[in-house]
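**Q** For the sequence shown, this note's numbering begins at 5 and goes up steadily by one.
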Amino acid sequence: MESVKKIRTALGIASEAVGLKYTDESPAVKSTEGPHTVCNGILEAAGGEVIMLSGETCACPGGKRYLGLTETGKIPLKMLVEGEKLWCDVKTAMRSMIEGEKLAKPPSGIGSKVYLYPAAKDIFVPDLIIFLVNAEQVSRLITLAQFWDGKTPPFQMGGSLCWSSITYPIVSGNFNITAGDISARRIAGWDENIMIASVPVEKIQGIADAIDKSTAGTAKPSSQFEEITRMIRSQRK
Numbered sequence: 005m006e007s008v009k010k011i012r013t014a015l016g017i018a019s020e021a022v023g024l025k026y027t028d029e030s031p032a033v034k035s036t037e038g039p040h041t042v043c044n045g046i047l048e049a050a051g052g053e054v055i056m057l058s059g060e061t062c063a064c065p066g067g068k069r070y071l072g073l074t075e076t077g078k079i080p081l082k083m084l085v086e087g088e089k090l091w092c093d094v095k096t097a098m099r100s101m102i103e104g105e106k107l108a109k110p111p112s113g114i115g116s117k118v119y120l121y122p123a124a125k126d127i128f129v130p131d132l133i134i135f136l137v138n139a140e141q142v143s144r145l146i147t148l149a150q151f152w153d154g155k156t157p158p159f160q161m162g163g164s165l166c167w168s169s170i171t172y173p174i175v176s177g178n179f180n181i182t183a184g185d186i187s188a189r190r191i192a193g194w195d196e197n198i199m200i201a202s203v204p205v206e207k208i209q210g211i212a213d214a215i216d217k218s219t220a221g222t223a224k225p226s227s228q229f230e231e232i233t234r235m236i237r238s239q240r241k
């Protein structure tokens, strides 16, 4: 997608943008053999691999459930409390899960497979584009995303990495920024400076179109603003 390429180039995003597609079809391209977790799969797709997640190939019970690949999978709350120590007790963990599902329930029935792949390969028309970004790139994306209507979506940074980076933006239709949960980051070996920007495909073109017009993209600031900037910087010396 040219719009995705334009965003990556303008913002200097190093990793490949990741396309995500729910489907019942199998593309004419070989996927990396599983099993995979969602948190690993995103990184592998950003590195050039094609990853297929299904009820059989998704290795994480939570990921399988949050992606809607199974309706019967249970989240092992006791393990999250006693093993990962993410909450003080099981009732608090359950409360957190319920609050998340009020915002976005797992998208069951959209497709039996979820593909994660380098968006540049154009394997599918994606449902979601995932960028791996740093803090400044996050700031620029937020500005570009609200350039046309002035509306900033309600970002959801809580919950699991798979819920906040995939479930929530797919179900809500909102652009989302998340750091993901700490267990997923550590298990998959995420760089400590990387965050996730998940953009529903229908919002990609608007972001790309704003790049030439906003200083969050490639537009030059006015001379008046540049003078103010110089004055502020000189006072800091």
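Glycine is no exception: its CB is placed at the ideal position from the N, C-alpha and C atoms. Everything numeric in this text was worked out from a predicted model, so none of it was measured.
Kindly identify the DSSP beta-bridge partner or partners of Ser202.
**A** Taking the sequence shown and counting its residues from 1, one reaches residue 202 at position 198. Ser202 pairs with Ile134, Asn180.
**Q** Flag this pair as yes or no: are the beta carbons of Ala183 and Cys43 separated by less than 9 Å?
**A** Here residue 183 refers to the residue found at position 179 when the sequence shown is read from its first residue. Here residue 43 refers to the residue found at position 39 when the sequence shown is read from its first residue. Result no, Cβ atoms of Ala183 and Cys43 do not sit closer than 9 Å.
**Q** Suppose you measure from the CA of Gln150 to the CA of Pro157; what does that come to, to the nearest Å?
**A** For this step, residue 150 is matched to residue 146 along the sequence shown. For this step, residue 157 is matched to residue 153 along the sequence shown. Taking the straight line from one Cα to the other gives about 9 Å.
**Q** Taking the straight line between their C-alpha atoms, what separation do you get for Tyr119 and Gly154?
**A** Taking the first residue of the sequence shown as position 1, residue 119 is located at position 115. Taking the first residue of the sequence shown as position 1, residue 154 is located at position 150. One C-alpha to the other measures close to 32 Å.
**Q** Does the contact criterion of 3 or more C-beta pairs under 8 Å hold for the stretch 142-149 versus the stretch 33-52?
**A** Not touching, per the Cβ criterion.
**Q** Where DSSP assigns a beta bridge to Leu24, which residues make up the other side?
**A** As a position in the sequence shown, residue 24 is number 20, starting the count at 1. Leu120, Leu132, per the DSSP bridge assignment.
**Q** Any idea if Pro130 is buried or exposed, counting beta-carbon neighbours within 10 angstroms, 16 or more meaning buried?
**A** Position 126 of the sequence shown, counted from the first residue, corresponds to residue 130. Per the 10 Å Cβ criterion, buried.
**Q** What does the Cβ neighbour count give for Phe229, buried or exposed, with the cut at 16 atoms within 10 Å?
**A** Locating residue 229 in the sequence shown gives position 225, where the first residue counts as 1. With fewer than 16 Cβ atoms within 10 Å of its Cβ, Phe229 is classed as exposed.
**Q** For Tyr178, count the other beta carbons within 10 Å of its own beta carbon; 16 or more makes it buried, fewer makes it exposed. Which is it?
**A** Along the sequence shown, one-based indexing puts residue 178 at 174. First, the amino acid is wrong: residue 178 is Asn here, not Tyr. By the neighbour-count rule (16 or more Cβ atoms within 10 Å), Asn178 is buried.
**Q** Hey, quick one: how far does the beta strand (DSSP E) through Ser58 stretch, first residue to last?
**A** Here residue 58 corresponds to residue number 54 of the sequence shown, with the count starting at 1. From DSSP, the beta strand (DSSP E) with Ser58 extends over 55-58.
**Q** Please classify Asn180: is it buried, with 16 or more other beta-carbons within 10 angstroms of its beta-carbon, or exposed?
**A** Counting from one through the sequence shown, the residue named residue 180 turns up at place 176. By the 10 Å Cβ count, Asn180 comes out buried.
**Q** Find the nearest neighbour of Trp167 within the set Asp216, Ser218, Glu140, Leu107, judged by alpha-carbon distance.
**A** Looking up residue 167 in the sequence shown gives position 163. That would be Leu107, whose Cα lies nearest to the Cα of Trp167.
**Q** What do you reckon, are the CB atoms on Val203 and Ile114 nearer than 9 Å?
**A** Within the sequence shown, residue 203 is the residue found at index 199, counting from 1. Within the sequence shown, residue 114 is the residue found at index 110, counting from 1. No. Outside cutoff.
**Q** Using C-beta distances below 8 Å, list every residue in its chain close to Met98, excluding the 5 sequence neighbours before and after it, in chain order.
**A** If you number the sequence shown from 1, residue 98 lands on position 94. So the list reads Leu81, once near-sequence residues are dropped.
**Q** Since Tyr125 and Asp28 are thought to touch, with beta carbons under 8 Å apart, how far apart are those beta carbons, to the nearest angstrom?
**A** Along the sequence shown, read from residue 1 onward, the residue named residue 125 stands at position 121. Along the sequence shown, read from residue 1 onward, the residue named residue 28 stands at position 24. Reading off the sequence shown, one finds Lys at residue 125, where the question assumed Tyr. Lys125 to Asp28, Cβ: 20 Å. No contact.
**Q** Is it true that the stretch 199-214 meets the stretch 134-141, where meeting means three or more beta-carbon pairs spaced less than 8 Å apart?
**A** Yes, they touch.
**Q** What's the gap between the Cα of Thr222 and the Cα of Ala14?
**A** Residue 222 sits at position 218 when you count from the first residue of the sequence shown. Residue 14 sits at position 10 when you count from the first residue of the sequence shown. Taking the straight line joining both Cα atoms gives about 6 Å.
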